[in-house]
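These notes are about the structure you will find just below.
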Amino acid sequence: YLYSIGCIELLATKKGIGTGFLVAKDLLATNRHVLDLLSCGTNQLQKGQGAVYFGRESGVADTQGRTDITSVVAVHETLDIALLGIETTDNAPARTPLVIETDAASEGDAVVAVGYPFDDPVRNPIFIDALFGGKFGVKRAAPGEVLKLSPQSVFHDCSTLGGNSGSPILSMKTARLIGLHRDGFFMYRNEAVDANSLNQFVGQYA
Numbered sequence: 023y024l025y026s027i028g029c030i031e032l033l034a035t036k037k038g039i040g041t042g043f044l045v046a047k048d049l050l051a052t053n054r055h056v057l058d059l060l061s062c063g064t065n066q067l068q069k070g071q072g073a074v075y076f077g078r079e080s081g082v083a084d085t086q087g088r089t090d091i092t093s094v095v096a097v098h099e100t101l102d103i104a105l106l107g108i109e110t111t112d113n114a115p116a117r118t119p120l121v122i123e124t125d126a127a128s129e130g131d132a133v134v135a136v137g138y139p140f141d142d143p144v145r146n147p148i149f150i151d152a153l154f155g156g157k158f159g160v161k162r163a164a165p166g167e168v169l170k171l172s173p174q175s176v177f178h179d180c181s182t183l184g185g186n187s188g189s190p191i192l193s194m195k196t197a198r199l200i201g202l203h204r205d206g207f208f209m210y211r212n213e214a215v216d217a218n219s220l221n222q223f224v225g226q227y228a
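Note that our numbering has the sequence shown beginning at 23, numbered continuously upward.
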């Protein structure tokens, strides 16, 4: 699933603003607040505003290239979920959409957040640069575990920064999606939309 997870970029600034992942061949899941940044709060998009890059690994040439985001398919009314349409072509690399876990997660489950953390001097403590080796905006896998469960939410302790918004939280046991990362509180815990809520929403459009 490595190349089904990508960095969402605002093309006007050529800056990454979040992470997204495939839930269908032409359907990208991310956070609603990432869409807000991408669309300047309008929840409307057309080709040329944003793109997703499924490569961008540290020290590795990006063979995946750019995939244009073409539309907003759906935005959840209350949860931090947005589904975006992406351009597909016959010569595009084959990518496998992530599988959403149907079994409920449990406290203590080993998980991993995969996304594109970026440097944010305003919010990040100074030692973050040392921890990340000064390399930001590249694909990272941050292991952790489920701390707590609540209706529609999974709390976890995977290390995340700005740019991880929209990252999939994957089970280390099954490689299936157990949450959609949406927010974090430094030295406390992170929050993700739970898989069941995401599955119900995606099922209406995928």
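We treat Cβ as the ideally placed atom computed from N, Cα and C, and that holds for glycine.
- In its chain, beyond the 5 residues on either side, S80 have a beta carbon closer than 8 Å to the beta carbon of K157.
- Excluding its 5 nearest sequence neighbours in each direction, H55 has C-beta neighbours in its own chain below 7 Å: D102 and S187, listed in chain order.
- Here K37 is exposed, its C-beta having fewer than 16 other C-beta atoms within 10 Å.
- A126 and C62 have their C-alpha atoms roughly 35 Å apart.
- Within the segment 74-128, the beta strand (DSSP E) runs of at least 3 residues that lie entirely inside it are, in chain order, 88-97 and 104-108.
- Residue environment analysis places E31 among the buried positions, since at least 16 neighbouring C-beta atoms fall within 10 angstroms of its C-beta.
- For R54, the uninterrupted alpha helix (DSSP H) segment begins and ends at R54 to S61.
- Closest option to N212, judged by alpha-carbon separation, among R162, V134, T89 and F223: V134.
- Taking 8 Å as the cut-off, the beta carbon of S193 is found closer than this to the beta carbon of D131.
- The residue among G77, G155, T111 and R78 with its C-alpha nearest the C-alpha of T92 is T111.
- Around the beta carbon of S219, 16 or more other beta carbons lie within 10 angstroms, which makes this residue buried.
- Within a 10 Å sphere around the beta-carbon of F43 sit 16 or more other beta-carbons, which makes this residue buried.
- Here N65 carries a coil assignment [DSSP, helix/strand/coil].
- Its chain contains L49, L105, L106, G107 and Y227 as the residues whose beta carbon lies nearer than 7 Å to that of V95, once the 5 sequence neighbours on both sides are disregarded; these appear in chain order.
- Runs of the alpha helix (DSSP H) lying entirely within the segment 145-217, each at least 4 residues long, are 150-153 in chain order.
- In this chain, the beta strand (DSSP E) harbouring T41 covers K37 to A46.
- DSSP places L33 in the coil class of the three-state scheme, outside both helix and strand.
- Per DSSP, the beta-bridge partners of A135 are A164 and I191.
- Looking at the backbone, the Cα of T118 and that of I150 are separated by about 32 Å.
- Annotation: G137 to L199 spans about 13 Å, alpha carbon to alpha carbon.
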